[in-house]
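Under the numbering used here, residue 100 is the last one in the sequence shown; the count climbs by one each step, no gaps.
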Amino acid sequence: MKKTLAVAALTTLLLAGCSTQKFNLNPGADLTSDASLTTSQTFFVSGIGQETEVNAAEVCGSADKVAQVLTKQTFINGLLGAVTFGIYTPRTVEVRCVG
């Protein structure tokens, strides 16, 4: 019984590890529109080796037009990281532009 409870608790902790980092660069901007860019970034060895970078100013046309940059680890991203023991750890990136 204790072993089953421990496995259930550990599984819950591992699967609940979603995270979000939100950077509001233009606080007065209307953020109701869809993201201008949504992409998955590939990281290796728990985030040490990043494969690509997203240039938000390039996506929006200039740095003044960037409203928000959001990075998040979704359930699927976390599951992929757990299955590969942290070797492959993807994250989702969203860029929202003004206007």
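Backbone N, C-alpha and C define an ideal beta-carbon position, used for all residues, glycine too.
Being a predicted model, the structure only gives us computed values, none of them experimental.
Drop a sphere of 10 angstroms on the beta-carbon of residue i, count the other beta-carbons inside from all chains shown, and report buried for 16 or more, exposed for fewer.
i	result
V8	exposed
A57	buried
C19	exposed
F44	buried
Which residue wins for smallest C-alpha separation from residue i, given the options the options?
i	options	result
T90	R97, V96 and G79	G79
Q74	S63, C98, G87 and G29	G87
Could you check the C-alpha separation between residue i and residue j for me, to the nearest Å?
i	j	result
K66	T39	17 Å
S47	A36	26 Å
A10	V84	18 Å
N27	K3	51 Å
S5	T13	At residue 5 the sequence reads Thr, which differs from the Ser that was named. The straight-line gap from Cα to Cα measures roughly 12 Å.
E52	L32	28 Å
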